[in-house]
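Same order as they appear, the protein sequences are chains A and B.
Using the numbering used here, the letters of the first sequence map in sequence onto residues 1 to 811.
Using the numbering used here, the letters of the second sequence map in sequence onto residues 812 to 1031.
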Amino acid sequence: METLFADLRYAIRSLRNSPGFTVVAVLTLGLGIGANAAIFSVVNGVLLAPLPYRDPGQLVTVNHFYPSLNNLRAPVSVPGFRDYSARTDLFSSAAVENGRNMNLTGSGDPERVSVTQVTGQFFPLLGVAPALGRALQPDESQPGKNHVAVLSWGFWRRKFGGDRNVLDQHLVLDNESYQIVGVMPPTFQDFFSRRTDVFTPLYFEPAAFADNRRTNEFLPFIGRLAPGVTLERAQSAMHALAAQLRTQYAAQYSPDWDLTVTALSDDAAQNVRSGLLILLGAVALVLLIACANVANLQLARSAARARDVAVRVALGASPRRLMRLLLTESFVLALAGGGLGILLAVWGVPALLTLNGDHLPATAHIAVSLPVLGFALAVSLATGFLFGLAPALQMARTDLHETLKEGGRGAVSQRGSLTLRRGLVVSTVALALTLLVGAGLLIRSFSRILGVDPGFRPDHLLTFSISLPRAKYANDTVRTQALERIADALAATPGVVAAGGTTVIPFGGSWSTSSFNVEGFQVPVNAPGPWGDVRLVTPGFLPAMGARLVAGRQFTDADRAGAAAVCIVDEEMVRRYWPHTDPIGKRITFNNLTDSAVTWIQVVGVVGHMAHEGLDAPRRVQVYFPLAQTGNANLVYAVRTSGPPLAALSAARNAVRSVDPDLPLAATTDMEQMIDGSLGARRFAMLLLGGFALLAMILASVGLYGVMSYTVTQRAREMGVRLALGADTGDVLGLVLKQGVNLTLVGVVIGIGAAALLTRVMKTMLYDVGTTDPLTFVTIPFVLLAVALLATYLPARRATRTDPIVALRAE
Amino acid sequence: MIQLRNIEKSYQQGGGQSFVLRQITMDIHGGEFVTVMGPSGAGKSTLLAILGMLDGAWTGEYTLFDQAVHKLKPKDRVALHKKYVGFVFQQYHLLDDLTVAENLDIPLSYRDIKKAERQAIVADTLDRFGMVAKKDLYPRQLSGGQQQLVAVARAVIHKPQLLLADEPTGNLHSEQGREIMELFKRLNSGGTTIIQVTHSESNAAYGNRIVQLKDGWISK
């Protein structure tokens, strides 16, 4: 122990005596370890930490699954929920939820709040006790008992200031009163909904269980596996159930319809798993580069300390003792770097979440927690060993006699040391190139996406949603009238060019799809029938969006209940079902063609396809129907303005209030922001990988600079000789540059090979760019070569200033 | 061939100036074999460096082959050096990572000579100096005398008219030293002007003139 302390003391003193080296090494390691700790915080929160529910390993979700529709996983339907939850041999309990926005009135300005309606077993199933009062009871999912509410912690604090006497108070939601019965703890987070203000019981009308609602899929399902039931067994049983239901309700389900059972923890992570693991791999590469750089610095430093080591050996230090002394120094450096890294991670994690918080699972608790600290410590120790071992071995092998004879230059070990240092530089260049190529591919993808035409004009477009309370607006007629009056009032507002509403707006985060039949179109055997996005719109919506009218006409006020049923389809629909004929006048129906009475809907117009989930999302067929022929209580308005969209918000709010002063505007934003938000996950990956690649390039360049500087110092005599033999500055400059470029080229060649292999894992992250995109694979090496040339140029210039007299005399 | 007029070299030291060379004035004719002698610190090596244009920070007038070196830009001095001067050092200064043949090639590579021609010149020089068998060896595989032989061969391979040698036998035992001096004698007989710095009287005897330096002054 005494020896250890002595080694520690020596290590700290030695590092203090080389402040330049120590600062650079600690900074380099801090950046590497910090990046790893930050990304690991996310990985731990999303992939490793258990979900915040009782026995989370038993929780699963069930989805409807359509292999032929891009492997679409849909929520379940009301009849589906009844059928699946009845399988008590598989699920000890099950629940579904339905997220919606409701108008909160009666307490200040009307406000839209996020309400999650849950079936009776929801809270018992998750096993999380409320902080205040009680949770919703199983028997409250029925009329007469369902007007009770449990508040989220955040909503309770925001709306009621954390008042503990809240329990007997009431909330007025969509003009109906709900008694507050409980408040959930701050740690409780609904799995499917990122932000829930209020939980209320979910009640289904008997009509909702009708067989023709079997593919009306809108309910996320959570089940707890019955004791002894494995995930595989549940999956197999549900697969069999799907086969049985397909046969039993052939008219309802497509031929490849299936059911999947997924562990809830996997469901949370499945969209982000590969991206996170790639980022973790990227930061591991950055750390490797940092290690190589510090090892390089250590090797340079060990050259200067060779005499010191030789003297220790001469005085009886064993190689083992010497190794321990040198490794102690490395561990001290690594731990200092680790400490700095943790500080950087503490600062960096919130920044990461700002960049991408909304695209990570809601239940993920991401912070620099105890496991992250443990990870950082382990990485630091491993790092210390990694970068400390080679220099320690190198120094322990120093030729004692030669070193002492040559006054500490350690002549014999220098050759091996330089080879090792060059090897380290080559590997850092190769690693940096791999990361740069990865980042380059993401940047290329991103730029391709930005170039995608959304199919409408996203500029000057204000959007917000309105929800009519059913208690106040009792039927579709009054709802449609109110919603149309709002659209008219908006259109008449100064500064508004056009306005219209839709049930589902592009980039709004939700979607509504349906199957339908196309007159005259024969569905191939075992293939899914026509299916796509369906939207109810007011006549002004498509013009307000700036959608391109390709054929036929827009909707008019005459397209309403009682008139001929009409629709407008997009070009994708025409391409798939009427590729060589005039689509105007063609008909579709939501009825089964075998039904006794079929309601046909006639195509009166064709518009361009509008991107929906994202600019890069696969295209679905889009069909628009007049709101006035169907009716709905919720609408998202698109308001085209002459000035900045958000500047028109106040006028828009007044327009809505002129129709109903109690209607709050929700989700107010502009379309460019919405599109920007849809790029968040890609931007996150691009910025992060780009940042890491940049860091890698800087570290690799610093490493190259270090080695070339060292080489120039080592070769001062050679430069002197060459100058004395007739070399001019250009010759010397070229000599050093050539050496730097050669090292870089070797790294680049290896890096290109590594990148060609490693970028394959990024396939799903790319858009319209191959994993071996020639432009990226050609450009990036040139960029790296240019940077390497700069890093070599500085020492090369110094070499040209070698004074031959001084260099030769120094010998 | 060489005219030196009032050559002086000094360093700033503390508040004053420390002179290394003082008012050096002398002429050296083509074909001479001049020996510069004097105690350590007399300025011998500095004078050699000035003559070889490795040192540019001095005052006075230096004319080499009718070219006023003191008026030349550094770039032109390098060109003049390339054209006329060869250097031999006490420590040989062979490049460790290059073979004998590659070491010989260095001066040629800096003189815009095509590779094939260079190879022929190197082969001829190896033959002339009796080093063909050693052409692929590295300096560390040679004895001191052999290394200095290579260094001399390297210094003369581009046929300089002026050979400057700084203690060429300083690290060699007497027999090896004698061989090198014999070689110098032969080169001088062939028309090469040689200026050597040495402490050795016997080496000085190979030359036809001795210049004595003391404290930077020519004393004799």
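Idealized CB from N, CA, C, for every residue including glycine.
Remember, it's a predicted structure, so these values are computed and weren't measured experimentally.
Neighbours of Gly734/A in chain B, taken as residues at a C-beta separation under 8 Å, are lacking, since the least C-beta distance is about 11 Å. Exposure of Pro774/A is indicated by the presence of fewer than 16 other C-beta atoms within 10 angstroms of its C-beta. Residue state for Met837/B is assigned as strand, using DSSP reduced to three classes.
Interface annotation, Phe898/B: in contact with chain A, CB-CB separation under 7 Å. With respect to Asp174/A, Ala498/A sits apart: the two C-beta atoms are not nearer than 7 Å. The DSSP-derived three-state label of Gly552/A is strand. At a Cβ-Cβ threshold of 7 Å, Ala263/A and Val60/A count as neighbours. For Ile805/A, at least one C-beta of chain B is nearer than 7 Å to its own C-beta. Rounded to whole angstroms, the separation of the alpha carbons of Leu909/B and Val933/B is 14 Å.
Burial of Asp7/A is indicated by the presence of at least 16 other C-beta atoms within 10 angstroms of its C-beta. At a cut-off of 7 Å, the C-beta of Tyr921/B has a neighbouring C-beta in chain A. Within chain A, not a single residue places a beta-carbon under 9 Å from that of Ile835/B; the smallest gap is close to 17 Å. Comparing alpha-carbon positions, the option among Ala250/A, Leu333/A, Ala345/A lying closest to Ser18/A turns out to be Leu333/A. His170/A: member of the beta strand (DSSP E) spanning 170 to 173, first to last residue. Taking a C-beta cut-off of 9 Å against chain B, the contacting residues of the segment 716 to 730 of chain A are Arg717, Glu718, Gly720, Val721, Arg722, Leu723, Ala724, Leu725, Gly726, Ala727, Asp728, Thr729, listed in chain order.
The beta carbon of Ala208/A is closer than 6 Å to those of Val78 in its chain, skipping five residues each way along the sequence. Residues Asn70 of the same chain have their beta carbon placed closer than 7 Å to that of Pro618/A, with the five preceding and five following residues left out of the count. In this structure, the beta-carbon distance from Met573/A to Val621/A falls below 7 Å. Take Leu287/A, set aside five residues on each side of it, and the residues of its chain with a beta-carbon closer than 8 Å to its own are Gly32, Ile33, Ala35, Asn36, Val379, Thr383, in chain order. Against chain B, a Cβ distance below 8 Å from Leu808/A picks out Phe900, Gln902, His904. Shortest Cα-Cα distance from Leu723/A to any of Lys893/B, Ile924/B, Phe940/B involves Lys893/B. In the DSSP assignment, Thr713/A falls outside any beta strand (DSSP E) and within the unbroken alpha helix (DSSP H) covering 680 to 714. The DSSP-derived three-state label of Leu360/A is coil. Pairing Ala796/A with Leu733/A gives a Cβ-Cβ distance under 7 Å.
At a cut-off of 7 Å between beta carbons, Asp916/B makes no contact with chain A. Pairing Ile278/A with Val43/A, the inter-Cα distance amounts to about 11 Å. Taken through DSSP and simplified to helix, strand or coil, Leu615/A comes out as coil.
The continuous beta strand (DSSP E) containing Lys1025/B extends over residues 1020 to 1025. At the C-beta level, Leu436/A and Ile752/A stay beyond 7 Å of one another. For Ala860/B, the closest Cβ of chain A is nearer than 7 Å. Nearest to Met395/A by C-alpha distance, out of Leu136/A, Val309/A, Met184/A, Met671/A, is Val309/A. The residue from Ala860/B, Asp1026/B, Gln878/B, Asp877/B with its alpha-carbon nearest to that of Gly897/B is Ala860/B. Linking Leu389/A to Leu360/A through their CA atoms gives a straight-line distance of about 39 Å.
Contact check for Leu441/A against Thr759/A passes: the beta carbons are separated by less than 7 Å.
The Cβ neighbour count for Leu344/A, taken over all protein chains shown within 10 Å, is at least 16; the residue is labelled buried. One Cα belongs to Ile486/A, the other to Ala492/A, and the distance between them is close to 10 Å.
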